[in-house]
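Colleague:
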Amino acid sequence: MPPQFASQLGSMGPDAGSSSPSKQCQTPFDGQNEPTHGSTIKSWRLLLWHEIPKWQQDNEYIVSGYRLVSLHMIATTHTYTAAGQPPGLYGCPLRVYCISTIRLFNAYSHMLGAVVFMILPLYFYNRHFVEEAGAQVQYLLVISIYCLGVAVCFVFSATFHILCNHSCNYAHFCNRLDYLGILVLMWGAGVPTIFYGFFCDSKLRWTYWMTTTSTAVCCTYLTLAPDFASPRFRHWRASLYAGFGLSSIVFVLHGLLIYGWEVQKQRMSLISMGWMAVSNLVGAAIYATRIPERWLPRVFDTFGASHQVFHVAVMIAAWIHFQGLVEAFHLARGMTAGSFRT
Ligand SMILES: [Zn+2]
C-alpha cells in the first residue's frame, strides 16, 4: 500500500472504521441477536444497522445486510439469525445466501488478489526474468518480496472481512492484522523501489533498506500492541503511519536529487508510481467520504458501496506498481548491458 494512504489509515481503521478499545468487548452484545452455542440456526435473515452491536457499527449508510455475530470460526460465513428470531427481512433462503455472498465481496476480492500476487513471481520468472540473459536472482527476489507483501496484505484484509462478525475480540484482533498487512505491503513496495532507484550505489541502497525495515519493525510492534488500537492513541497512530509513508518520499526525492528526473523516472518507474498513487487516492477518498451510499442509502447495501470500490482501487494500484517494477527490471538489465543512461 502506498504512502498516500498513511495519514488516513492512521486516523481511521482500514476496515473497521473505529478501532474500539478492548473495554467495548466486555459487553459485546446489545441484548439482542446474541447467538447461543448449540442453537439451531434456521431463520433466514440478515440484520439491520440498528440490530448489530455497537462495536460492529462502522458505516451508518449501509443500512441492511449484516451477518449475525457467530462466535464460531466456520459459522462466520453463515448469514442466518438464530432460532427464535422474528421473521426476516428477506424470506427467501436463496436470496439471503446470494446477498450475504455479495456482502463478502471485500473478502473474496482480496482473496482473489492474494492468489494472483502469489502466482505473479512465477509469471515474472517465466515471462520476463528468463528472457533477460544474465539476470541475477536479486532481480527476482525484490519483485517477489513486493508480490508476497501484497498477498499478505490481501490475506489479512480478507481474514478481517470474514471474521469481523465472529466476536468483538476477534474483530479487534483482525483489525490489527489488517493494519499489519498494510505495513507489510508498504515495506514490500519500498524494497524493489530502493533496489532499482539506487542500483549503482549499494551503500545508499542498504542504508534505505535498513531505515525502512527498522521503521516497519517499530510500526509492527506498536500496531500489535492492544492499547495502540484505542482512540487514546489515534494521533500517535496517524503520526506513525504517516511517518512510515513519508519515509518513502525521502528516498524518492534523494534519488531525484542525485540522478535527476530522466534517470529516476525510469529506474523508479515514477510515472507508474504516480498512477498507482492516483488509484489509491481515489479509492481512499471514496472510502473516506462513503460515496455513493451516502447519497443513496440502502441502494448500495449489497453491491457498489465505497468499501468495495476501495478494495478494487487498491488492487488496481498494486497491479500498476507491479507493471512499473517489471519496466524497471528491463531498464536495469539494459543499464547493465551499457544501453542505459546513468
Ligand atoms: Zn476492507
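No gaps in the numbering here: position 192 of the sequence shown is 192 in the UniProt record's numbering, and each next residue is one more.
Even glycine gets a Cβ: it sits at the ideal position worked out from N, Cα and C.
First and last residue of the alpha helix (DSSP H) that includes S157?
Modeller: V137 to L163
Colleague: Which two residues bound the contiguous alpha helix (DSSP H) that contains Y61?
Modeller: Looking at the DSSP string, Y61 is not in any alpha helix (DSSP H), and its letter there is neither H nor E.
Colleague: Excluding the five sequence neighbours on either side, which residues of its own chain have a C-beta within less than 6 angstroms of the C-beta of V191, listed in chain order?
Modeller: V142 and I145
Colleague: For the candidate residues W236, N169, D227 and V184, whose alpha-carbon lies nearest to that of T213?
Modeller: V184
Colleague: With a threshold of 7 angstroms, establish whether the CB of H254 neighbours any heavy atom of ligand 1.
Modeller: no
Colleague: Does the beta-carbon of S157, which I'm using as the reference point, lie nearer than 7 angstroms to any heavy atom of ligand 1?
Modeller: yes
Colleague: Comparing the CB of N165 with every heavy atom of ligand 1, is any distance shorter than 7 angstroms?
Modeller: no
Colleague: Output yes or no for whether 8 angstroms exceeds the beta carbon distance between R267 and G197.
Modeller: yes
Colleague: Let me check you understand the geometry: is the CB of H161 closer than 7 angstroms to at least one non-hydrogen atom of ligand 1?
Modeller: yes
Colleague: Going by alpha carbons, who is nearest to Y287 out of E132, H311 and G243?
Modeller: H311
Colleague: Cβ of H321 versus every heavy atom of ligand 1: is any distance shorter than 7 angstroms?
Modeller: no
Colleague: By Cβ distance, which residues of its chain are closer than 7 angstroms to A135, with the 5 residues on each side in sequence left out?
Modeller: F129 and R333
Colleague: Tell me the rounded alpha-carbon separation between V115 and D301.
Modeller: 27 angstroms
Colleague: How is F251 classed by DSSP in three states: helix, strand or coil?
Modeller: helix
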